[in-house]
Structure formats: structure tokens, C-alpha cells
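Participant: Just dropping this structure here.
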Amino acid sequence: MTDPRPRIAVVTFPGSNDDGDARLALDLLGAEAVATWHTATELPAGIAGVVLPGGFSYGDYLRCGALARVAPVMDAIRSFAADGGPVLGICNGFQILCEAGLLPGVLRANRQVEFVCADVEVTVESTATPFTRDCRPGETLVIPIKHGEGNWVADDALFADVVARGQVVLRYATDVNGSRDRVAGVASEDGNVLGLMPHPEHAVDPLLGPTGGLPLLHGLVTAARERLAAPV
Amino acid sequence: MHVTVLIRPKTGILDPQGEAVQASLATLGFAVTGARVGRLVELELDARDRASAHADVERMCSELLANPLIESFEILTADA
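The listed protein sequences derive, respectively, from chains A and B. Quick note on numbering: the first sequence equals residues 1 to 232 in the working numbering. Quick note on numbering: the second sequence equals residues 1001 to 1080 in the working numbering.
Here you go:
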């Protein structure tokens, strides 16, 4: 392959624990994953994409993601996102992006007050994001979830806006955690920031189970590669 | 100055934690018709007076301590 390997930052906060798998998956998909510490005030040189991985940053103290969103690296990520850079938040990363105001809504305790851990079917509701453009509208992806606080909440007014703007990107095929309208993933208005509770980085190798994460991460890698190629 | 912040799940917001607590209280034989679980934050801060302390803590609540989408907060300042 002659395409360049785009550099994608995987941010580690105290308590992140899926950062290693995220880096492995990105490397597998032709990117160069760059481990990035939460205290960084700038993203590493040449970064063309960002992943906020899963885990339990700051022990989920106060609210999931609330303390991580004030980490120094978040200012750099905010600027990168405002510039159109692709940012993917997975599980705790999704919670952080919501707390940071980069994505709408908030994640709360699962309706059943149980930690859920399962391979689930999610439906692609929007292909108008870099992450889902390899998918067909309505396509079903099988991706694992593992969370205690994945119940996405938005009030009626916010929810109506989010739906009207096409920001609902992924829905669970069945209700798994009480999430409003079975929302599994939402994007920013511009589509370049996506948060989702399912873990695409755990679903890239058939040896380990389903591979529904491949198109989403491939979309991120492609977007990062295009960002590098674009004239500055 | 000592300031106490009470953070509550907003009215109308589902509170699975409160429901679980209510169910457990029922198991113990208590007749409880509702339970909501919030959070309490105790702060010590240097402030000129009660009004400025209140203003500071209000900003802390908006920026970090509470999420306005799901939580309301109440600031209690002790008499100096």
C-alpha cells in the first residue's frame, strides 16, 4: 500500500483502559496510532485524527467524563474538532465529549442499574459522517458493549433538534440500557465528531468475534488520510 | 468560608439509582414511595463575603459540579 499511514492520536487519561486496543486496531487498519497523554497541551505533530478511548477516567468521579473534560489536552482537541478534524469518542470517550459540550446530551446510569457486557446489533442511521460513509443506511453492525452508564439522555427539545439535524448515527436494534430512542451513537452537527458506547476497537478481528467495528474505524482512518492530503 | 452544594437529579429525569434504593428499602420493610439520590459537595474557599462566595460557587456548578441537562443545584453558605 502506497498510501501514507495517517497519524491518529489515542489519548490516555488516568483510568483509560481501552487505549491499547484502540492503538492496535488503528495500526491494523493502516494508521499510525500515537499514544498521547492527557496533560499534553498540543496534539503531537502531524496528527490527522483523534480517538478518546474507553475506560473509567478519573474513576468516574463526580460524573463519567466530567473531570477528563478539563484535562489540558481537551483544549487542543476542541480546536482540532473546530477545524473539522475527525474525533471519535468510544464509551468513556463518548461520555467525555458530551461533558465537554462537543456532543449533545449526556450518558447516565443504565436503566436496569446493571453493567451490560454483550455483542449487540446496532443500526446505521446516518451515513453522512466520515465514520459511517462506508456503511449502507440501515446496515446492521455487530459490536460489543460493556458499560454501566450508557443511557443517553436528552430532553425533548434537544432530542428533537438532534433528530432533525440527523445527528443520530447509530441505534441499538433492541433496548440495551434505556438510552433515549435506543441511541447508541451521536455526531456533532458537522459530523466530524462521533461518540458511541459500543466498542469498535474490540470488533476488528474475526479471531476474537464480530467485526462490526471495522467500517467505523476504517472511516476514521480514511478521513485522517484525506485530511493529510488536503491542501493547507 | 464553608459552602455546601446540593446536586439533585432534575425533576422528571429518571433516577435509576434512586429507584434501586427505594426497592432495597422496600425489601427491608420500609414503606417508601419515592427515593432520589443526589450528591453533596463541601467546599472551603477564601471569599470576601457571602455574595462573592455564592457567585464563585455558582460558576463552579455551571462549569463542573453539575450538568445542567440532568441536574439542579442548590448552594448553601453558612453565616460568616
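Note that beta-carbon positions come from the ideal geometry of N, C-alpha and C, so glycine has one too. Owing to the predicted nature of the structure, the values given are computational and were not obtained by experimental measurement.
Return helix, strand or coil for A/Ala33, following the three-state DSSP convention.
Facilitator: Residue mapping note: residue 33 of chain A aligns to position 33 of the first sequence, counting from 1. It is a strand residue.
Participant: Note down, in chain order, every chain B residue with its Cβ under 7 Å from the Cβ of A/Pro89.
Facilitator: The sequence position of residue 89 of chain A within the first sequence is 89, counting from 1. Per the sequence shown, residue 89 of chain A should be read as Gly rather than Pro. Result: empty, since nearest Cβ-Cβ is about 16 Å, beyond 7 Å.
Participant: Does A/Asn110 have its Cβ less than 8 Å from a Cβ in chain B?
Facilitator: As a first step, residue 110 of chain A is located in the first sequence; it is residue number 110 there, counting from the start. Yes, contact with chain B.
Participant: Give the single residue among B/Ala1053, B/Ser1052, B/Leu1043, B/Leu1014 whose Cα lies nearest to the Cα of B/Ala1035.
Facilitator: Locating residue 1035 of chain B in the second sequence gives position 35, counting from the first residue. Looking at the Cα atoms, B/Leu1014 is the closest of the given residues.
Participant: Mind checking whether A/Ala76 and A/Leu43 have CB atoms under 8 Å apart?
Facilitator: Taking the first sequence and counting its residues from 1, the one referred to as residue 76 of chain A is at position 76. Taking the first sequence and counting its residues from 1, the one referred to as residue 43 of chain A is at position 43. Yes, the Cβ-Cβ distance between A/Ala76 and A/Leu43 is below 8 Å.
Participant: In terms of residues, what are the limits of the beta strand (DSSP E) holding A/Asn151?
Facilitator: Taking the first sequence and counting its residues from 1, the one referred to as residue 151 of chain A is at position 151. Counting along the chain, the beta strand (DSSP E) containing A/Asn151 begins and ends at 151-153.
Participant: What is the DSSP secondary structure of A/Cys117, reduced to helix, strand or coil?
Facilitator: Here residue 117 of chain A refers to the residue found at position 117 when the first sequence is read from its first residue. In the structure shown, A/Cys117 sits in a strand (DSSP, three-state: E or B).
Participant: Take every Cβ of the stretch 134-146 of chain A, pair it with every Cβ of the stretch 209-223 of chain A, and state whether three or more of those distances are shorter than 8 Å.
Facilitator: Judged by Cβ distances under 8 Å, the stretch 134-146 of chain A makes contact with the stretch 209-223 of chain A, as three or more pairs qualify.
Participant: Around the C-beta of A/His202, are 16 or more other C-beta atoms found within 10 angstroms, so that it is buried, or is it exposed?
Facilitator: Within the first sequence, numbered from 1, the residue matching residue 202 of chain A stands at position 202. The residue is buried, with at least 16 neighbouring Cβ atoms inside 10 Å.
Participant: On the DSSP bridge assignment, give the partners of B/Ser1072 in chain order.
Facilitator: The residue you call residue 1072 of chain B lines up with position 72 of the second sequence. B/Ser1072 pairs with B/Arg1008.
Participant: At a Cβ threshold of 8 Å, is B/Asn1067 touching chain A?
Facilitator: Position 67 of the second sequence holds residue 1067 of chain B. At least one chain A Cβ lies under 8 Å of B/Asn1067.
Participant: At which residue ranges does the stretch 40-89 of chain A contain complete alpha helix (DSSP H) runs of 4 or more residues, listed in the order of the chain?
Facilitator: Segments of the alpha helix (DSSP H) lying fully in the stretch 40-89 of chain A: 73-82.
Participant: I'd like to know if A/Gly105 contacts chain B, where contact means its C-beta is closer than 8 Å to some C-beta of that chain.
Facilitator: Along the first sequence, one-based indexing puts residue 105 of chain A at 105. Chain B, which has a Cβ nearer than 8 Å to the Cβ of A/Gly105, makes this yes.
Participant: By Cβ distance, which residues of its chain are closer than 8 Å to B/Pro1068, with the 5 residues on each side in sequence left out?
Facilitator: Taking the second sequence and counting its residues from 1, the one referred to as residue 1068 of chain B is at position 68. Hits under 8 Å: Ser1062.
Participant: If you follow the beta strand (DSSP E) that A/Leu141 is part of, which residue opens it and which one closes it?
Facilitator: Translated into positions along the first sequence, residue 141 of chain A becomes position 141. Per DSSP, A/Leu141 belongs to the beta strand (DSSP E) from 140-147.
Participant: Beta-carbon within less than 6 Å of A/Arg69's beta-carbon, same chain only, minus the 5 sequence neighbours each way: which residues are those?
Facilitator: For the purposes of this step, residue 69 of chain A is taken as the residue at position 69 of the first sequence. Ile96, Glu99, Ala100, listed in sequence order.
Participant: At least one CB of chain A closer than 8 Å to the CB of B/Gln1022: is that the case?
Facilitator: Taking the first residue of the second sequence as position 1, residue 1022 of chain B is located at position 22. No - not a single Cβ of chain A is within 8 Å of the one on B/Gln1022.
Participant: Inspect the CB distances between the stretch 29-49 of chain A and the stretch 147-158 of chain A and report whether three or more fall short of 8 Å.
Facilitator: Counting Cβ pairs under 8 Å, fewer than three are found: no touch.
Participant: Leaving out five residues on either side along the sequence, give the residues of the same chain with a beta carbon under 7 Å from the beta carbon of A/His218.
Facilitator: If you number the first sequence from 1, residue 218 of chain A lands on position 218. Excluding sequence neighbours, A/His218 sits near Leu29, Asp134.
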